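**Q** Quick one: this structure, given as structure tokens, is what I'll be asking you about.
2 protein chains.
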Amino acid sequence: MMFPFSKTPNPEVFLLGKLPNKGKESLPIYMGEVGPVWLYPQAPLDCVVADPKKGSKMYGLKSYIEYQVTPNTTNRAVNHRYKHFDWLYERLLEKFGSAVPIPCLPDKQITGRFDDEFIKMRMERLQGWMSRMCRHPVVCESEVFQLFINYKDERDWKVGKRKAEKDEIMGPMIFFTIEPEAPDLEPIEVEQKCEMYSRFTKTMDDGVKDLLNVGNLHWKRCTGPLQKEYQKIGKAFQNLSSVFTTSGYTGESTLTEALTATGRTYEEIAEIVASQPKQDLHFLLETNNEYKGLLGCFPDTLGVHKAAIEKWKEADRLVAMNKISPQDKVTMAKRLSVMSYSLQAEMNHFHSNRIYDYNRVMRLYLEQQVTFYETIAEKLRQALSQYQEL
Amino acid sequence: MMFPFSKTPNPEVFLLGKLPNKGKESLPIYMGEVGPVWLYPQAPLDCVVADPKKGSKMYGLKSYIEYQVTPNTTNRAVNHRYKHFDWLYERLLEKFGSAVPIPCLPDKQITGRFDDEFIKMRMERLQGWMSRMCRHPVVCESEVFQLFINYKDERDWKVGKRKAEKDEIMGPMIFFTIEPEAPDLEPIEVEQKCEMYSRFTKTMDDGVKDLLNVGNLHWKRCTGPLQKEYQKIGKAFQNLSSVFTTSGYTGESTLTEALTATGRTYEEIAEIVASQPKQDLHFLLETNNEYKGLLGCFPDTLGVHKAAIEKWKEADRLVAMNKISPQDKVTMAKRLSVMSYSLQAEMNHFHSNRIYDYNRVMRLYLEQQVTFYETIAEKLRQALSQYQEL
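For the protein sequence lines, the chains are A and B, in the order given.
For the first sequence, my numbering gives the first residue as 55, with consecutive numbering after it.
For the second sequence, my numbering gives the first residue as 55, with consecutive numbering after it.
Take a look at the structure:
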């Protein structure tokens, strides 16, 4: 579990707060086939994160890795260091975190930062993170995100940064910008939905972790004992073959050559078995890792909604104590409904992405697994063809 | 290592002994393409060992298992208990053991003798032993072996048994019946060949044991941790699928059904992996087990030859001490040559059987392995087809 919020943002600023000057910021919610949905951009945004380059500052005293980020909209690359991604993450979390679970960035790492393997892995994960952010209709159209991928020059970036850091529409205030095109929901319904989402994300988190454990164990078996065992089988056949060549018996060569080929085939199988996880299990585990991270952010986002529901439950008491007016209570119910539409749109976004991601990664996994078993079958068929027919 | 001989039979009875009345017993050796060879029968003999039946004696006080032995020559079944096989083994060992390594019978077992699995395994191994004896040109044509597979009735069997037990042409005497159709060999050549065979059978014994160890470990992995791991992978997919069905999101069913099918497929793979060794490794291990047994008999047979060579090396001293005549020394050299032809014919028989057996079992093993990997690939291809195309 990760807790990016130091404490649950207080939803009171929205439930009982005054409508701020939100400028032209507006997040409409429509009723789609699956229920409430965000407004999706016409053309899907995506970015390529590539070409990590070592840069340096202060006459080489400080060095860092810079990645090229190229959005499909402009096809123009901008450079960003990990710490810029981290800055973006912080802004997105502050601004949208009460409505949208913002997944953590891939881990920071102090040692081995310039190790090729590490850079490749970090880039792959930054790519995954960027793609997910690009696919999010709220995030991708936000000013701060557009700045990150489209800034013109150093000055543009610096000005944009300062502006984003001063943004006042953040935390639960974001719900002021949400405009559902649907009738208000009863608080009881709001609570039921929130509980359902909470249960779902919790059980999915368990399921994902289970798959990660099983997958990691399998990976270790493939690259460890299983590889060694196939090597041993290969050696045993080749060993028998060398013994046979010493028989001095004529007409031995077909068998000894076939046995040697079989032995080599099992040694090749050992290598295929050991390198296979990189071809398939890797992607399955990466996707599940990403979801583990994402699911780890839900308790925070859902926490804001739960706190709002608890606040609503106090409303009668607060009215009785004259702490809020009966009109305030009506407003609270309306605003709770807005929050619920926001949450529903977000969950529907999550579900549709989840179905897409799991469908894609399972296809990839199974395609590679089929190829894996077929490759081995073909290699063994070739080894078999060397033996004398009966 | 097994030591069926309590001590190495003394080859002196042949080297310096008097030609006994050997009746019509004669074992010719011809020069074939591969060197000296036994005379092979025109039609190969084989027996089917089948249909184990529980019999009883003394009004049911003693019970036993009786197997049907049906030779392809008569197609008429005779019944034999394990102890009859054991009697035959003892006769063959006594009579031919100095010239032909007679493989031990499958182990005796006291407990669980009537267990179906045990009976099946013993029958399979008795079948292997009988087939090997049937294929041996010296053994298969011997009177005692023919009695075993062809006896007409109880009386015939009893009379034959008594006669076999009184056979005087046994131990190194058997070499009197061997008639090589080739010029005498120099003792130095005899020794070199004997040493080569000794080295070969020793290194092959090591190679076979190595393969047996590796194979047994692989068997345990397939039926143990590997099966469990595929079951766990299957469960993890199915588990994720059940979580997904609780999402309440429309358009979930294609993915959840596909994931469930994938999970079931991995559970099926677990079963295939666990039952596969019985389909292929079993036969590979059985053949190597048989060879381990056979190779374990070589030290005894080769021991008789080595003792004869040692005896020859003493010949000059014995002549000097007047213990043997110069003519005896000439006879010894001639008889050593006969023994060597016998050993060469036997080794050539061993090699040709070995090539046949290993070619056959490796084909069977690889064919089954190919089917195994193809079956899994096909099952995964079916699972894959359930996902939404990209």
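Glycine is no exception: its CB is placed at the ideal position from the N, C-alpha and C atoms.
Predicted model, so just to flag it, every value in this text is computed and none were measured.
Taking CB distances under 7 Å as the criterion, tell me whether S439 (chain A) reaches chain B.
**A** no
**Q** Could you tell me the alpha carbon to alpha carbon distance between V384 (chain A) and E443 (chain B), rounded to whole angstroms?
**A** 48 Å
**Q** Rounded to whole angstroms, what's the CA-CA distance from S396 (chain A) to I156 (chain A)? Just pull it up for me.
**A** In this structure, the straight-line span from the alpha carbon of S396 (chain A) to that of I156 (chain A) is close to 15 Å.
**Q** Can you tell me whether I156 (chain A) is helix, strand or coil according to DSSP?
**A** coil
**Q** Between B:E219, B:V327 and B:Y419, which has its C-alpha nearest G278 (chain B)'s C-alpha?
**A** B:V327
**Q** Flag this pair as yes or no: are the beta carbons of L438 (chain A) and L313 (chain B) separated by less than 7 Å?
**A** no
**Q** Let me know the alpha helix (DSSP H) ranges lying completely inside the stretch 206 to 270 of chain A, each 4 residues or longer, listed in chain order.
**A** 208 to 219
**Q** Within 10 angstroms of the Cβ of A290 (chain A), are there 16 or more other Cβ atoms? Answer buried if so, exposed if not.
**A** buried
**Q** So, does the CB of I409 (chain B) fall closer than 7 Å to a CB anywhere in chain A?
**A** yes
**Q** Which same chain residues end up closer than 6 Å to R176 (chain A) when comparing Cβ atoms and leaving out the 5 residues on each side of it in sequence?
**A** Taken in chain order, the residues that qualify are P160.
**Q** Leaving out five residues on either side along the sequence, give the residues of the same chain with a beta carbon under 8 Å from the beta carbon of M55 (chain A).
**A** Only weak support is given to the placement of M55 (chain A): the predicted model assigns it a pLDDT of 40, under 50, and the question is left unresolved by the model.
**Q** Using only the alpha-carbon positions, how far apart do P65 (chain B) and K206 (chain B) sit?
**A** 37 Å
**Q** Could you tell me which chain B residues have their CB closer than 7 Å to the CB of S301 (chain A), listed as they occur along the chain?
**A** F254 and H405
**Q** Report all residues from its chain with a CB closer than 6 Å to the CB of W366 (chain B); omit the five preceding and five following residues, and keep chain order.
**A** P241, M386 and L390
**Q** Ordered along the chain, which non-local residues of its own chain (more than five positions away) have a Cβ less than 7 Å from that of E245 (chain A)?
**A** I363
**Q** Can the beta-carbon of Q285 (chain B) be found closer than 7 Å to that of A324 (chain B)?
**A** yes
**Q** Do we get a CB-CB distance below 7 Å when we pair I287 (chain A) with the residues of chain B?
**A** yes
**Q** How many angstroms separate the CA atom of F298 (chain A) from the CA atom of M258 (chain B)?
**A** Looking at the two C-alpha atoms, the distance is approximately 8 Å.
**Q** Is any beta-carbon of chain B found at less than 7 Å from that of V88 (chain A)?
**A** Under the Cβ distance rule, V88 (chain A) counts among the residues neighbouring chain B, one pair being separated by less than 7 Å.
**Q** Taking its Cβ as the centre, do 16 or more other Cβ atoms sit within 10 Å of N402 (chain B), making it buried, or is it exposed?
**A** buried
**Q** Kindly indicate which residue of A:F202, A:N407 and A:W92 has the alpha-carbon position closest to the one of S394 (chain A).
**A** A:W92
**Q** Check whether the stretch 421 to 438 of chain B touches the stretch 425 to 439 of chain A, taking contact to mean three or more Cβ pairs, one atom from each stretch, closer than 8 Å.
**A** yes
**Q** Which residue's Cα is closest to the Cα of R253 (chain B): B:T124, B:K332, B:L73 and B:K360?
**A** B:K360
**Q** Measuring straight from C-alpha to C-alpha, what distance separates V67 (chain A) and D334 (chain A)?
**A** 47 Å
**Q** For the alpha helix (DSSP H) that contains G347 (chain A), what are its first and last residues?
**A** It spans L335 to A374 - the alpha helix (DSSP H) in which G347 (chain A) sits, taken as one unbroken run.
**Q** Which partner residues of L81 (chain B) appear in the DSSP bridge assignment?
**A** DSSP output for L81 (chain B) lists B:I232 as bridge partner(s).
**Q** Give the straight-line distance between the Cα atoms of V103 (chain B) and D140 (chain B), rounded to the nearest whole angstrom.
**A** 15 Å
**Q** Measure the CB-CB distance between P125 (chain A) and I203 (chain A) and report whether it falls below 7 Å.
**A** yes
**Q** Evaluate R408 (chain B) with the Cβ neighbour count: other Cβ atoms within 10 Å of its Cβ, from every protein chain shown; 16 or more gives buried, anything less gives exposed.
**A** buried
**Q** Once DSSP output is grouped into helix, strand and coil, what is the label at Q440 (chain B)?
**A** coil
**Q** I'd like to know whether the C-beta atoms of P191 (chain A) and Y94 (chain A) end up nearer to each other than 7 Å.
**A** yes
**Q** Do the CB positions of D100 (chain A) and C188 (chain A) come within less than 7 Å of each other?
**A** Yes, they are a contact pair.
**Q** Is it right to say L339 (chain A) is buried, meaning 16 or more other beta carbons lie within 10 angstroms of its own, or is it exposed?
**A** buried
**Q** Ordered along the chain, which non-local residues of its own chain (more than five positions away) have a Cβ less than 8 Å from that of S196 (chain B)?
**A** L146, K149 and F150
**Q** Give the secondary structure of P98 (chain A) by DSSP, where H, G and I count as helix, E and B as strand, and everything else as coil.
**A** coil
**Q** Quick one: grab the DSSP three-state call for K388 (chain A).
**A** helix
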